[in-house]
Structure formats: C-alpha cells, structure tokens
Amino acid sequence: MWGKREDMLVHEESPYNAEPAGSALVDGEVTALDTFYCRNHGEIPDIPGKKWRLSVTGLVNHEQDFTLSDLESRFETRSLVATLQCAGNRRAGLIAVRDIPGEPWESGATSTAEWRGVRLSDVLSACGVRTDGPLHVEFTAPDVADEATPPQQYGSSIPLSKALSDEVLLAWEMNSEPLPRVHGGPVRVVVPGYIGARSVKWITGIKVQDHPSDNYFQSTVYHILPADADPDSARPGDGIPLSSVALNCDILEPADGATVPAGPLSVHGYALAGDGRGIARVDVSLDGGRTWAQAELAAEVSPWSWRRWSQVVDATPGPLTITARAWDTTAAMQPESAAQLWNPHGYVNNSWPSANLTVT
Ligand code: MTE
Numbered sequence: 010m011w012g013k014r015e016d017m018l019v020h021e022e023s024p025y026n027a028e029p030a031g032s033a034l035v036d037g038e039v040t041a042l043d044t045f046y047c048r049n050h051g052e053i054p055d056i057p058g059k060k061w062r063l064s065v066t067g068l069v070n071h072e073q074d075f076t077l078s079d080l081e082s083r084f085e086t087r088s089l090v091a092t093l094q095c096a097g098n099r100r101a102g103l104i105a106v107r108d109i110p111g112e113p114w115e116s117g118a119t120s121t122a123e124w125r126g127v128r129l130s131d132v133l134s135a136c137g138v139r140t141d142g143p144l145h146v147e148f149t150a151p152d153v154a155d156e157a158t159p160p161q162q163y164g165s166s167i168p169l170s171k172a173l174s175d176e177v178l179l180a181w182e183m184n185s186e187p188l189p190r191v192h193g194g195p196v197r198v199v200v201p202g203y204i205g206a207r208s209v210k211w212i213t214g215i216k217v218q219d220h221p222s223d224n225y226f227q228s229t230v231y232h233i234l235p236a237d238a239d240p241d242s243a244r245p246g247d248g249i250p251l252s253s254v255a256l257n258c259d260i261l262e263p264a265d266g267a268t269v270p271a272g273p274l275s276v277h278g279y280a281l282a283g284d285g286r287g288i289a290r291v292d293v294s295l296d297g298g299r300t301w302a303q304a305e306l307a308a309e310v311s312p313w314s315w316r317r318w319s320q321v322v323d324a325t326p327g328p329l330t331i332t333a334r335a336w337d338t339t340a341a342m343q344p345e346s347a348a349q350l351w352n353p354h355g356y357v358n359n360s361w362p363s364a365n366l367t368v369t
C-alpha cells in the first residue's frame with residue numbers, strides 16, 4: 010500500500026498510518042522511501058503538480074500565489090538531510106505505563122530523508138514579509154481530519170523566527186525522487202528540529218500572522234497535558250504546545266524480546282537532538298543503568314539528522330537487558346522512565362530505551 014514495504018506495522022489503513030520495524034531503520038543514514046513512516050490525520054489528497062498552487066497571505070507587503078515552476082525558477086534550490094519524528098513516536102512505552110487511546114507507535118515513527126526544495130525564508134522575503142514583533146507563520150493543507158469537532162483541514166504554525174531560518178524548506182523531492190503523494194507531494198514544508206506535525210504536507214496556504222494557528226492540530230492536540238487532565242475535554246491552549254523535538258535515542262537492533270546467540274553482539278541505534286543542538290554521547294548499560302559504556306557514534310551527516318550509534322557487547326547466556334541513553338551538546342540527558350513522562354495524549358516518550366533479550 011502506498012508503495013511501502015510489506016512488513017510495515019500498519020496502525021490504520023485509512024487514513025494510512027504505518028511505521029517500519031526498528032531493524033528496517035538500521036541500514037543507511039537516509040531511510041528508503043518504501044520504509045519511511047507515514048502519519049496521516051485525514052484522507053490523502055491527490056493534487057497534480059501542474060494544478061498545485063501556494064498562496065502566501067497575511068502580514069506581507071505583496072500577497073502572492075506560486076506554482077511549482079515558479080518555485081523552481083525563481084528561487085535557489087537546496088538539499089538537506091533531516092529527520093522527521095512524530096510526537097507520538099514510542100507511545101507504546103507510555104501505554105505500557107497506563108492506557109492511552111491512539112495509535113501505539115513503537116520505535117519507527119522516526120525516519121530520515123534527503124529533502125530538496127527552496128528555503129521558506131526566500132519565498133517569504135519575496136513577498137515582503139514583515140519582521141516586526143513575534144509573528145507566526147501558519148501552514149494550511151486540504152486534507153480533512155475527522156478527529157476534530159467539527160472536522161477540520163490540517164494546519165499548523167511555527168514562529169516566524171524559525172520560518173526564516175536556513176533549514177526550513179518547501180520541498181518537492183525526497184531522496185532524489187518526486188515527493189511521494191503519501192508524504193505530501195507535490196509540495197510539503199519540512200521543519201527540521203521540530204516535531205513532525207509542523208512539517209505540513211500538501212501545503213496550499215501560508216499566512217503570516219501575529220498569533221499561532223488556531224487550527225486544532227496547533228491549538229489543542231500536540232500539547233502535553235497534565236497527567237490528571239481529561240484529553241476529551243481539552244480546550245484550545247490547554248497544556249504545553251510542542252515545537253522543538255525532544256532529545257531522544259532508541260535501540261533499533263536487536264529488537265526487544267529477541268533471542269540472540271551468546272558471544273559478541275552488535276547493538277545498533279540512533280540518537281536525535283532537539284532544535285539547534287547536537288548529540289554529544291550515547292551510553293549503553295547492561296546492568297539497568299548502574300554502569301555505562303560509551304557507544305560508537307557515526308559521523309554527523311547533517312545537523313538536522315539523527316546520529317547513528319553502535320556498540321558490541323558481550324552476551325552471556327541467560328536474560329540480558331540493554332539500556333541506552335543520549336546526551337546532547339548542552340549536557341542535557343534523557344529522562345529515565347516512561348512513568349515520569351506519562352501524559353494523556355501519549356506524546357514525547359524520550360525515556361531511556363531498553364531491549365530485553367534472551368541469550369542462548
Ligand atoms: N500534514 C498534513 N497535511 N496532514 C497530516 O495529517 N501529519 C503530520 C505531518 N504533516 C500531517 C501533516 C504529522 S503528525 C507528522 S508526524 C508528519 O506529517 C509525518 O510525515 P510523513 O507521513 O511524511 O512521515
């Protein structure tokens with residue numbers, strides 16, 4: 010379905026929501042198109058590239074409409090390797106603490122691509138964007154989400170200061186292929202360093218305004234509610250809105266629950282730092298966090314991409330629990346347990362990951 014590999018873990022067929030197994034993310038810095046996770050809140054629009062239009066309105070001196078060939082011919086194109094991570098990634102670990110309605114995403118709602126397009130800042134500058142005051146840039150798309158009452162088109166916003174940064178793209182290529190329809194083709198926003206929800210697919214409208222978007226997906230969901238809040242009665246503005254992605258790491262291989270032979274065992278994972286920070290170190294523990302050894306970090310491919318890590322451990326027969334934790338370049342480290350992080354929508358599980366293995 011949608012050109013994805015057959016072993017995707019499909020949470021929902023319609024709208025299509027699916028993630029690869031962690032082991033499928035081990036090879037390569039960039040995730041293959043058939044493996045990249047999909048997160049959709051509504052049915053997937055079908056917009057031919059030639060019919061696609063983007064209108065830029067609001068606090069700009071010249072409101073303008075753009076076609077895809079306008080973007081291609083008027084602005085410098087750039088490519089960027091960036092990781093997208095859904096705020097619901099690893100929700101299954103929070104559900105294990107206390108039930109949460111919603112897709113039980115495991116480790117795979119995270120993937121990395123090489124995106125190609127134009128800088129959003131160049132398009133905004135061409136429209137004479139105003140830069141006085143703390144403005145926001147709203148993105149709108151045509152897909153309709155039934156989970157909002159009444160149903161609502163998908164939308165979101167980011168602060169103008171982020172929108173004007175070098176890394177935010179209007180992208181029409183992914184891994185040197187035309188952006189697949191399921192990933193927002195013909196054109197989507199890519200907001201590296203922010204939760205995936207802000208990288209709006211099938212973007213058709215951009216509005217510069219003096220407040221964040223009122224859209225349900227900006228004002229109400231993708232907020233961390235207090236643990237004792239009722240998510241069904243959450244009102245716009247309740248909780249902490251999510252923007253910058255949280256420091257996280259995960260063990261991709263071996264899978265939790267696997268049986269492995271005794272001897273040297275290669276452990277593979279990734280670490281991802283939040284907006285504007287880097288990964289400084291990943292540690293691995295075989296004794297539940299009493300002692301730690303440093304994992305080997307692969308070279309940084311891009312400041313906006315995950316950092317791969319690996320470690321060979323000595324697996325001796327019996328049960329073995331491998332735990333990992335990442336530190337960022339500000340010396341912040343992941344929280345230890347999912348219970349500390351539990352929240353009613355099940356967002357941002359960045360607790361220490363572990364894999365419980367049987368060594369034979
Ligand atoms: N954009 C639109 N128009 N509709 C959506 O449902 N989902 C968002 C974001 N952009 C969404 C969207 C969420 S929650 C995530 S995590 C990313 O797209 C997922 O992007 P992907 O499906 O390309 O992996």
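Add 9 to the 1-based position in the sequence shown for my numbering, that's all there is to it.
For each residue, glycine too, the CB sits at the ideal point set by N, CA and C.
Proximity winner among Arg-334, Tyr-279 and Val-368, relative to Val-39 (alpha-carbon distances): Ranking the options by Cα distance to Val-39, first place goes to Tyr-279.
In DSSP terms, what Glu-305 is bridged to: Answer is Ser-319.
Run through the segment 314-369 for me and flag every whole alpha helix (DSSP H) of 4 or more residues, listed as ranges in chain order. 347-350
Tell me the DSSP bridge mates of Asp-74? Ser-64
Mark Met-10 as exposed unless 16 or more other C-beta atoms lie within 10 angstroms of its C-beta, in which case mark it buried. exposed
By DSSP's criteria, Gln-94 is part of a beta bridge. Which residues make up the other side? Beta-bridge pairing links Gln-94 to Thr-119.
From the DSSP secondary-structure annotation, give me the bridge partner or partners of Ser-166. Glu-147
Sub-7 Å separation of Trp-211 and Pro-143 beta-carbons: no
Ala-150 CB to nearest heavy atom of ligand 1 below 6 Å: yes
Glu-262 versus Ser-275 - alpha carbon distance: 8 Å
For Ala-122, is the beta carbon positioned less than 6 Å from some heavy atom of ligand 1? no
Can you tell me whether DSSP reads Pro-240 as helix, strand or coil? helix
Since Val-217 and Arg-139 are thought to touch, with beta carbons under 8 Å apart, how far apart are those beta carbons, to the nearest angstrom? 7 Å
Looking at Val-196: is its Cβ nearer than 7 Å to the Cβ of Arg-207? no
Please work out which residues of its chain come closer than 8 Å, Cβ to Cβ, to Ala-307, disregarding the five sequence neighbours upstream and downstream, and give them in chain order. Glu-38, Arg-316, Arg-317, Trp-318 and Ser-319
Does the separation of the CB atoms of Glu-28 and Gly-111 fall below 7 Å? no
Count the C-beta pairs between the segment 342-349 and the segment 243-253 that are closer than 8 Å, then say yes if the count reaches three, no if not. no
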